[in-house]
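Asks:
Residue numbers (the numbering used here), protein chains in the order written: chain C, 5 to 116; chain L, 69 to 181.
As structure tokens, this is what we get:
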């Protein structure tokens, strides 16, 4: 059974720091991995989608990498800002279908 | 495009009542799904649909019904609400079944007393 783990569960950093969020999964038979952002009381916003054949994707200050063989993904946030404060979720799509399996999330707080 | 929309935003039910959570998307997506989000449990799949007229169960389907009569709409029915169904419910859609980006609605926060 596919399991997705995110470490750490919470992270607090000062503004301007570069930071890395980690996501690991137990079964490498995935279609893709998606990173989401969730603000308190809100829905999920898709940040980056990495297909299983890709190694990384970039959008602005965000860079996500994927190492399928080791079952790991990282989300790198450059020059963090207070507006980046949110919960970040990773989810994998198993290659037997379109169902997303989520990690528990990392709650990020960026202090001014 | 409005994307994925959900109504209502908030709802309070008494135990035993029934209700329908509405979900609609205007992107002509074939694949739609419902998740619930609970503290400590993360997001779990309730039901999904790969197209109009086709639905299937996810991880936690008990107590919920779905149907998909049109491409745009995918309502979730609570047959007889229980306190264990207190949760935040999210609807999602993607182009089709498989390796495609999924888009989520804003959620419905449901409390069952």
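Note that beta-carbon positions come from the ideal geometry of N, C-alpha and C, so glycine has one too.
This one's a predicted model, so the numbers in the text were calculated from it and none came from an experiment.
Which value, in whole angstroms, describes the spacing of the CA atoms of residue 167 of chain L and residue 33 of chain C?
Replies: One C-alpha to the other measures close to 12 Å.
Asks: With burial defined as no fewer than 16 other Cβ atoms inside 10 Å of the residue's Cβ, what is the status of residue 59 of chain C: buried or exposed?
Replies: Exposed: under 16 other Cβ atoms inside 10 Å.
Asks: Return the CA-CA distance between residue 52 of chain C and residue 107 of chain L, expressed in angstroms with no decimal places.
Replies: Whole-angstrom Cα-Cα distance: 24 Å.
Asks: Among C:74, C:105, C:71, C:64, whose alpha-carbon lies nearest the alpha-carbon of residue 128 of chain L?
Replies: For the residues C:74, C:105, C:71, C:64, the minimum Cα distance to residue 128 of chain L belongs to C:105.
Asks: Less than 8 Å between the C-beta atoms of residue 149 of chain L and residue 180 of chain L, yes or no?
Replies: Cβ atoms of residue 149 of chain L and residue 180 of chain L: closer than 8 Å.
Asks: Leaving aside the five residues before and after residue 137 of chain L along the sequence, list all residues of the same chain whose C-beta is less than 8 Å from its C-beta, in chain order.
Replies: So the qualifying residues of the chain are 120, 121.
Asks: Considering only their Cβ atoms, is the gap separating residue 6 of chain C from residue 30 of chain C smaller than 8 Å?
Replies: Yes, they are a contact pair.
Asks: Report the residue from L:101, L:82, L:76, L:88 whose alpha carbon sits nearest the alpha carbon of residue 103 of chain C.
Replies: Checked all of L:101, L:82, L:76, L:88; the closest Cα to residue 103 of chain C is L:101.
Asks: For the beta strand (DSSP E) containing residue 123 of chain L, name the first residue and the last one.
Replies: Segment 122-125, the beta strand (DSSP E) holding residue 123 of chain L.
Asks: Identify every run of the beta strand (DSSP E) within the stretch 79-145 of chain L, keeping only runs that are complete inside it and at least 3 residues long; order them along the chain.
Replies: Segments of the beta strand (DSSP E) lying fully in the stretch 79-145 of chain L: 87-93, 99-106, 110-119, 122-125, 132-134.
Asks: Going by Cα to Cα distance, which pick from L:169, L:175, L:178, L:163 is closest to residue 94 of chain L?
Replies: Answer by Cα proximity: L:163.
Asks: Using 8 Å as the threshold, is the C-beta distance between residue 42 of chain C and residue 93 of chain C below it?
Replies: Closer than 8 Å, so yes.
Asks: Contact criterion: CB-CB distance below 8 Å. Does residue 165 of chain L meet it with respect to chain C?
Replies: It does; some Cβ of chain C falls within 8 Å.
Asks: Comparing alpha-carbon positions, which option in C:76, C:17, C:67, C:21 lies nearest residue 95 of chain C?
Replies: Looking at the Cα atoms, C:76 is the closest of the given residues.
Asks: Taking C-beta to C-beta, are residue 105 of chain L and residue 131 of chain L nearer than 8 Å?
Replies: No, they are not a contact pair.
Asks: Do you know whose CA, among L:159, L:151, L:112, L:170, lies nearest residue 56 of chain L's CA?
Replies: The requested residue 56 of chain L is not part of the displayed model; chain L covers only 69 to 181.
Asks: I'd like to know whether the C-beta atoms of residue 144 of chain L and residue 86 of chain L end up nearer to each other than 8 Å.
Replies: Not a contact, by the Cβ cut-off of 8 Å.
Asks: Could you tell me whether the Cβ atoms of residue 110 of chain C and residue 37 of chain C are closer together than 8 Å?
Replies: For residue 110 of chain C and residue 37 of chain C, no; Cβs fall outside 8 Å.
Asks: Per DSSP, what kind of secondary structure is residue 76 of chain L in: helix, strand or coil?
Replies: DSSP places residue 76 of chain L in coil when its eight states are reduced to three.
Asks: Span of the beta strand (DSSP E) holding residue 60 of chain C?
Replies: 60-63 is the extent of the beta strand (DSSP E) around residue 60 of chain C.
Asks: Just the C-alpha distance for residue 88 of chain L and residue 11 of chain C, rounded to the nearest angstrom, thanks.
Replies: Approximately 36 Å, taken between the alpha carbons.
Asks: So is residue 108 of chain C in contact with chain L if we call contact Cβ pairs under 8 Å?
Replies: Chain L, which has a Cβ nearer than 8 Å to the Cβ of residue 108 of chain C, makes this yes.
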